[in-house]
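These notes concern the structure reproduced below.
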Amino acid sequence: MALSTGLFMAAVMYVLYMALEPYVRRHWPQTIISWSRLLSGKVRDPLIGRDVLFGVLLGTSWIVTYMVGFVFRQRAGNSPQFGGTEFLLGTRQLLGSWSTNVMGSVLGTLMFFLVLVLLRVLLRNRWLAAIGFVILYTAPKVLSADYPWLVLPVWVVIYGIAAFAVVRFGVVSLAIGILMANLLLNLPYTSDFSMWFAAHALFSVLVFAALAGWGAYTSMAGGQLWKEDPFA
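Residue numbers (our numbering): 24 to 255.
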């Protein structure tokens with residue numbers, strides 16, 4: 024079952040990418056430059072490092088925005104939030120969830136990108152397309168919410184950041200941000216490191232911290248963060 028699901032998702036991602044790539048390469052090439060370089064194996068390219076770093080910042084901003092909104096919803100009487108139970112089952116399940124979320128983040132990125140490209144074709148302006156994207160994705164979240172006026176600013180900010188990330192940085196940043204938010208918002212956290220699941224959350228947080236550090240270093244193309252003599 025898992026193999027068939029993985030093959031199906033891979034096929035969907037391939038079809039979406041092949042449908043989008045010719046148009047985007049011709050009319051909106053800056054959004055897939057780092058993606059194309061990543062697929063060609065140029066993992067130390069400064070542009071890829073920059074987009075990975077901004078992807079981590081994007082995911083962080085989503086997590087902060089969502090949790091601030093969640094605090095206000097709880098004060099209004101919303102039910103508490105529970106993380107994904109698969110992260111409690113063991114290391115094998117953690118790695119399985121990671122692989123599932125990696126595929127899901129790429130698929131979600133391509134779906135977002137498809138909608139943005141279609142809106143750009145219709146509206147003939149990338150920023151109008153971004154506004155249309157925010158409205159299109161925010162409306163269902165607000166209409167189905169128990170506290171619509173509390174969730175409205177949260178989802179406007181979240182999808183607004185997503186649209187800005189695609190328009191300004193491209194699909195690599197969006198994919199990293201989606202992966203980070205989906206994983207870290209569903210992990211069980213504890214301050215008691217003797218608990219069996221504490222290492223799972225710590226591992227995931229450290230992975231994204233390492234990605235941010237690698238992205239910052241790579242984006243500098245081997246340059247130094249500061250001069251040897253700071254007063255020179």
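Glycine included, C-beta positions come from ideal geometry on N, C-alpha and C.
The structure presented is a predicted model; accordingly, all values stated were derived computationally and were not measured.
| Asked | Found |
| --- | --- |
| Between L76 and G238, how many whole angstroms is the CB-CB distance? I'm expecting something under 8 Å. | 3 Å |
| Can at least three beta-carbon pairs, one atom from the stretch 141 to 153 and one from the stretch 164 to 174, be found at a separation below 8 Å? | no |
| Give the straight-line distance between the Cα atoms of F231 and N148, rounded to the nearest whole angstrom. | 33 Å |
| Taking just the CA atoms, how far does R60 sit from N209? | 31 Å |
| Measure the C-alpha to C-alpha separation of G78 and A99 and round it to an integer number of angstroms. | 32 Å |
| Counting only runs that start and end within the stretch 172 to 207, where is the beta strand (DSSP E) found for 3 or more residues in a row? | none |
| For the putative contact between R48 and I55, defined by C-beta atoms under 8 Å, what is the C-beta separation to the nearest angstrom? | 7 Å |
| For I78, report the span of its alpha helix (DSSP H) as first-last. | Reading off the sequence shown, one finds Gly at residue 78, where the question assumed Ile. Segment P69 to R98, the alpha helix (DSSP H) holding G78. |
| Kindly indicate which three-state DSSP category P211 falls into: helix, strand or coil? | coil |
| Within 10 angstroms of the Cβ of S128, are there 16 or more other Cβ atoms? Answer buried if so, exposed if not. | buried |
| Quick check on this structure: which residue in M218, G72, T241 and I201 has the alpha carbon closest to the alpha carbon of Y89? | I201 |
| Quick one: Cα of M243 to Cα of P69, how far? | 6 Å |
| Confirm, please, whether the CB-CB distance from W85 to V195 is below 7 Å. | no |
| Given this structure, state the Cα-to-Cα distance separating W219 from W121, to the nearest angstrom. | 18 Å |
| Can you tell me whether Y212 is buried or exposed? The criterion is at least 16 other CB atoms within 10 Å of its CB, across all chains shown. | exposed |
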